[in-house]
Amino acid sequence: MPIYEYACQDCSKSFEYLVLGGKGPDTCPKCKSPRIKQQMSACGFHSKNSSGQTTSTSASASSCSGCSASSCAGCH
Ligand SMILES: [Zn+2]
C-alpha cells in the first residue's frame with residue numbers, strides 16, 4: 020500500500036498517510052494547516068534521525084529513491 024510521509028510546514032509535525040486513489044492529505048492532522056509537504060520516503064526520514072543530523076536536505080532522501088514502498092526494511 021502506498022503510505023507516504025508528510026511534514027507540516029506550520030507546526031513541523033510529520034505523519035504518515037495512506038494515499039488512496041493518488042490523493043494525499045489536504046490538511047495537517049494536528050493544526051489543520053493546508054501547508055503540508057510530502058517527504059521523499061519514511062526511510063530517508065528515519066536514516067536522517069538515526070545519524071543525528073538535523074539538517075533537512077533532499078540529498079539524504081534522494082539516496083533512498085528506490086524505497087517508495089510502504090516498507091523500508093530492504094533499503095539499507
Ligand atoms: Zn500542522
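Start counting the sequence shown at 20; every next residue gets the next number (our numbering). Just so you know, even glycine gets a beta-carbon here, dropped at the ideal spot from N, CA and C. Every value quoted in this text rests on a predicted model; they were computed, and no experiment measured them.
Residue i and residue j closer than 8 angstroms at C-beta
i	j	result
A26	K49	no
Reduced DSSP secondary structure (H/G/I, E/B, other) of residue i
i	result
S52	coil
S33	strand
C27	strand
Q57	strand
Inter-residue Cα distance where the pair is residue i and residue j
i	j	result
S52	Y23	18 angstroms
S33	M20	19 angstroms
Y36	C47	10 angstroms
P44	S31	15 angstroms
Q28	K42	19 angstroms
Residue environment, residue i, which counts as buried when at least 16 other CB atoms sit within 10 Å
i	result
Q58	buried
Check: residue i C-beta below 7 angstroms from any heavy atom of ligand 2
i	result
S52	Ligands present in the displayed structure are limited to ligand 1, and ligand 2 is not among them.
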